[in-house]
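Numbering (my numbering), first residue to last: 2 to 252.
See the structure below:
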């Protein structure tokens, strides 16, 4: 004869979890710092082979000094197109042919050598190149890793360290402009989250020419027509052209 045994469920008392306050979490948080290297060097103009060799050497040097990130200048390969501002277009044609031939595509053997150097050194490398894609060139920033990467390049004649809040950080070991090599720093990476909390992407742009966000209270027109121009200011300050010959000049 079977007896009906009632189902008995055993309930266990949950363990009491110790809750941390926000102040305790912040106090016990370990700041994440990374040693970074900034390249202050001249590129190998119009020579992609020499530029790749120099890039790999600088990556190895940064790794030997325990850097986790090395940042190269804008248009490091094959160099910035300064010649396009110094001459008229007709004189720049041959420069542009050489410039195009020495530009690199993302999937080229040259970029493969740089990626291999960064992977072997276990370092994040970011460099600017003139990316060649079919018949066009594009300004490209190529990071070898998404863990560490610099913001867009600041407009300064020498390497600079810019905080996520867009303020220039002091660089005690900054060399003269004629110095070629690497400049090292150990910034506090937690500043990134503070800047994102305040102004998000505006703070992440980190360019000295955009330290402030300027907003007009009135709506501006999309197109502004200027009938008279009394002054033309350009960075290169071209000299005045020679005056045209008179119509009555002898042939």
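Glycine residues also receive a C-beta, built at the ideal position from the N, C-alpha and C atoms. Given the structure is predicted, the values throughout are model-derived calculations rather than measurements.
- Judged by their CB atoms, residue 77 and residue 130 are nearer to each other than the 8 Å cut-off.
- Distances from the alpha-carbon of residue 105 to those of 50, 58, 125 put 50 closest.
- For residue 132 and residue 83, the gap between their C-alpha atoms comes out near 17 Å.
- When secondary structure is reduced to three states using DSSP, residue 125 falls in the strand class.
- Residue range 182 to 186 is occupied by the beta strand (DSSP E) that includes residue 183.
- When DSSP states are grouped into helix, strand and coil, residue 96 belongs to the helix group.
- Taking a C-beta distance under 8 Å as the contact criterion, residue 72 and residue 39 qualify as a contact pair.
- Between the alpha carbons of residue 70 and residue 141 lies a distance of about 18 Å.
- Around the Cβ of residue 111, a 10 Å sphere holds 16 or more other Cβ atoms; the residue is buried.
- Cβ contact annotation for residue 42 (same chain, cutoff 6 Å, sequence separation greater than five): 181, in chain order.
- Note that the C-beta distance between residue 183 and residue 63 is below 8 Å.
- Within a 10 Å sphere around the beta-carbon of residue 80 sit 16 or more other beta-carbons, which makes this residue buried.
- Pairing residue 45 with residue 52 gives a Cβ-Cβ distance under 8 Å.
- Look at residue 42 here: in three-state DSSP terms it is coil, with no helix or strand label.
- DSSP places residue 76 outside both helix and strand once states are collapsed to three, so it counts as coil.
- Leaving aside the five residues that flank residue 61 on each side, the residues in its chain whose CB is nearer than 8 Å to its CB run, in chain order, 118, 122.
- Look at residue 119 here: in three-state DSSP terms it is helix.
- Check the Cα spacing between residue 97 and each of 192, 136, 57, 37: the tightest is with 136.
- Residue 91 and residue 101 have their C-alpha atoms some 16 Å from each other.
- Closest in C-alpha terms to residue 126, from the list 68, 191, 222, 223, comes 68.
- Here residue 103 has 47, 48, 49, 79 as same chain residues with Cβ atoms under 7 Å from its own Cβ, once five neighbours each way along the sequence are excluded.
- When the five nearest sequence neighbours on each side are left out, the beta carbons in the same chain lying within less than 7 Å of the beta carbon of residue 57 are those of 114, 115, 118, in order along the chain.
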